[in-house]
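Here's the structure we're looking at; comments come further down.
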Amino acid sequence: MLTKKQTGGDTSNLPTLWQQTASPSPKTTPLGGDSSTDIAIIGGGLSGLSAALHLSEAAIPSLLLEAGRIGDGASGANTGWWVPGLALLDAATLDARLGPERADALRVELAASARSIPELVRRHRVMCDLSTRGVLYAASTPKTLAKISREAERWAAAGSAIDVVGQAAMPGHLATDHYIGGVLYADGGTLNPLAFCNGLAAAAIAQGALIHTCSPAIGIARERDGWRVDTARGSVRARAVLLATGASPQSPWPAARNARYRLKIAMVASAPFADHGRSILPSGVPFTDMDSFDTLGGAFDPAGRLVMSILPGTSTRPRPADLAAPYWRKFRQIFPQAPADPGWEFGWFGHEAVPPGRMASIHEPEPGLFVLQGYAGNGINQAIHFGRAIARSMASGDRDAIEIGLTPLRPARGATIASALANRLLLPLARTLVYR
Numbered sequence: 001m002l003t004k005k006q007t008g009g010d011t012s013n014l015p016t017l018w019q020q021t022a023s024p025s026p027k028t029t030p031l032g033g034d035s036s037t038d039i040a041i042i043g044g045g046l047s048g049l050s051a052a053l054h055l056s057e058a059a060i061p062s063l064l065l066e067a068g069r070i071g072d073g074a075s076g077a078n079t080g081w082w083v084p085g086l087a088l089l090d091a092a093t094l095d096a097r098l099g100p101e102r103a104d105a106l107r108v109e110l111a112a113s114a115r116s117i118p119e120l121v122r123r124h125r126v127m128c129d130l131s132t133r134g135v136l137y138a139a140s141t142p143k144t145l146a147k148i149s150r151e152a153e154r155w156a157a158a159g160s161a162i163d164v165v166g167q168a169a170m171p172g173h174l175a176t177d178h179y180i181g182g183v184l185y186a187d188g189g190t191l192n193p194l195a196f197c198n199g200l201a202a203a204a205i206a207q208g209a210l211i212h213t214c215s216p217a218i219g220i221a222r223e224r225d226g227w228r229v230d231t232a233r234g235s236v237r238a239r240a241v242l243l244a245t246g247a248s249p250q251s252p253w254p255a256a257r258n259a260r261y262r263l264k265i266a267m268v269a270s271a272p273f274a275d276h277g278r279s280i281l282p283s284g285v286p287f288t289d290m291d292s293f294d295t296l297g298g299a300f301d302p303a304g305r306l307v308m309s310i311l312p313g314t315s316t317r318p319r320p321a322d323l324a325a326p327y328w329r330k331f332r333q334i335f336p337q338a339p340a341d342p343g344w345e346f347g348w349f350g351h352e353a354v355p356p357g358r359m360a361s362i363h364e365p366e367p368g369l370f371v372l373q374g375y376a377g378n379g380i381n382q383a384i385h386f387g388r389a390i391a392r393s394m395a396s397g398d399r400d401a402i403e404i405g406l407t408p409l410r411p412a413r414g415a416t417i418a419s420a421l422a423n424r425l426l427l428p429l430a431r432t433l434v435y436r
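Residues 1 to 436 (full-length UniProt numbering) are what the sequence shown spells out, left to right.
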């Protein structure tokens, strides 16, 4: 499911469901004149907002610059699911990458972060259509079921609430006999991602953070014992800077733009189902098909709309029905009771940042300048966690507080060409093969 991966990245100018249904963003203004703060944050997605909120709760002054509006990138345009796990790295690979001790520590922290999201929403009274039913990973083959069950064991050991669903119990969640079992991540859930961004921004402002929208950073430079960030209409002087612009092609630190691959994603949303989708998902728990490379599934929003991230095609401005057509053909092979035409109302695009290592990366290319990017899966929970973790590290100076450690900021091999090849050829080809 590609859009669980998203936080950070520009979206197309096609209207999204969340823009129509989100609670309003807090009142903000562009930066004008010269300002100073302790921590300057560039990027008003979930990573930057989490950092701003947690810095403010620690009484550390911060100022956040957002090029457009709050949640303009993929943080506010994804399908709004969160789970504790990592999408592109299994437990064995993570252990080999970080070492067993650090990998275990990261799993514990991500599991705790997933549990903290509902509490964060309630504490700050964020109106974002929160649902805490969990997320179901479904398998139709023994091999896939064994794989997701092994992975679930590691997350259960880290403190996640896991329910292994046997074949007899699957129809209680999915009204089909297609699946032989699954894993329910009970600490997961869904929300309106743009409303979540708006609520976190309001909470950060209430705690003392400064947020300026429509204020793209056009330059970052060392100045005496700190940093200066320039915009077209002003500047910010800070002890340290956090760059959290995700897949944006306009990063003011050029090396950050070339350190990840920029992959296209697509989302669709239907008209409301009269039964709110209970003829398909009886328990109301969203699901993803793990035999379809996590690109087939669905969730129903409070109005009964089916919302899902799907593989994109080659068209840049398709009708929602055309964008959804291959996915929906495959979906109805599994759920023949689904309507032939659910009335697709929305279809939109965005981009995700995927580092070469296929997991989040944090860099300090120069003292006091931090770059956070590239969750490559399940980004909502990771953005909240890593935004919090880097805020604590920047406040205390303790670099060891970051479980994944700091790594050198290096170019991703062939980033521009590889991204273009994936977006124009490989992802459309995968769309044809997966949804046949």
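Glycine residues also receive a C-beta, built at the ideal position from the N, C-alpha and C atoms.
A quick note: this is a predicted structure, and the numbers were derived from the prediction, not measured.
Asked: Find out if the Cβ-Cβ distance for the pair Asn423, Trp82 is shorter than 8 Å.; Found: no
Asked: Consult DSSP for Gly9 and reduce its assignment to one of helix, strand or coil.; Found: Because Gly9 carries a pLDDT of 43, less than 50, the predicted location of this residue cannot be relied on, and the following value inherits that uncertainty. Note: Gly9 maps to coil in three-state DSSP.
Asked: Count the other C-beta atoms from every protein chain shown that fall within 10 angstroms of the C-beta of Leu2, then say buried if there are 16 or more, exposed otherwise.; Found: Residue confidence for Leu2 is low, a pLDDT of 34 falling below 50, so the modelled location carries little weight; the figure read from the coordinates is stated next. So Leu2 ends up on the buried side.
Asked: Extract the residue ranges of the alpha helix (DSSP H) inside the segment 122-184, only unbroken runs of 4 or more that lie entirely within it.; Found: 142-157
Asked: Based on the DSSP output, what are the partners of Asp230 in its beta bridges?; Found: Gly219 and Ser235
Asked: So what's Phe386 in DSSP terms, helix, strand or just coil?; Found: helix
Asked: Per the DSSP calculation, Ala269 is bridged to which residue(s)?; Found: Val307 and Phe346
Asked: List the endpoints of the continuous beta strand (DSSP E) containing Ser35.; Found: Gly33 to Ile42
Asked: Could you tell me whether the segment 178-189 touches the segment 145-164, where touching means 3 or more Cβ pairs closer than 8 Å?; Found: yes
Asked: Let me check understanding here. Comparing Cα to Cα, which of Ala269, Phe331, Ala395 and Met127 lies closest to Thr288?; Found: Phe331
Asked: How would you call Gly298, buried or exposed, if buried means at least 16 neighbouring beta carbons within 10 angstroms?; Found: buried
Asked: Quick check: the segment 390-399 against the segment 266-283, are at least 3 beta-carbon pairs closer than 8 Å?; Found: no
Asked: Counting only the same chain and skipping the five closest in sequence on each side, list residues whose C-beta sits under 6 Å from that of Ile356.; Found: Reading off the sequence, residue 356 comes out as Pro, not Ile. Closer than 6 Å at the Cβ level, and outside the excluded window around Pro356, lie Ala412.
Asked: What does the Cβ neighbour count give for Lys4, buried or exposed, with the cut at 16 atoms within 10 Å?; Found: Per-residue confidence for Lys4 stands at a pLDDT of 36, beneath the threshold of 50, marking its modelled position as unreliable; no derived number is given.
Asked: With DSSP collapsed to three states, give me the class of Glu403.; Found: coil
Asked: Over what stretch of residues does the alpha helix (DSSP H) that includes Phe300 continue unbroken?; Found: Unbroken run through Phe300 is the beta strand (DSSP E), Gly297 to Phe300; no alpha helix (DSSP H).
Asked: Hey, how far is the Cα of Arg107 from the Cα of Trp348?; Found: 32 Å
Asked: For Ile218, count the other beta carbons within 10 Å of its own beta carbon; 16 or more makes it buried, fewer makes it exposed. Which is it?; Found: exposed
Asked: Please report the straight-line C-alpha distance between Gly189 and Ile117, rounded to a whole angstrom.; Found: 9 Å
Asked: Do the segment 53-65 and the segment 230-241 make contact, defined as three or more Cβ pairs closer than 8 Å?; Found: yes
Asked: If you compare alpha carbons, which of Leu46, Gly99 and Pro216 is closest to Ile384?; Found: Leu46
Asked: Roughly how many angstroms separate the alpha carbons of Asp291 and Gln333, rounded to a whole number?; Found: 14 Å
Asked: Within the continuous beta strand (DSSP E) that includes Pro428, where are the two ends?; Found: Pro428 -> not in any beta strand (DSSP E); alpha helix (DSSP H) instead, spanning Leu427 to Val434.
Asked: By the DSSP assignment, the alpha helix (DSSP H) with Ser56 in it spans what residues?; Found: Leu46 to Glu57
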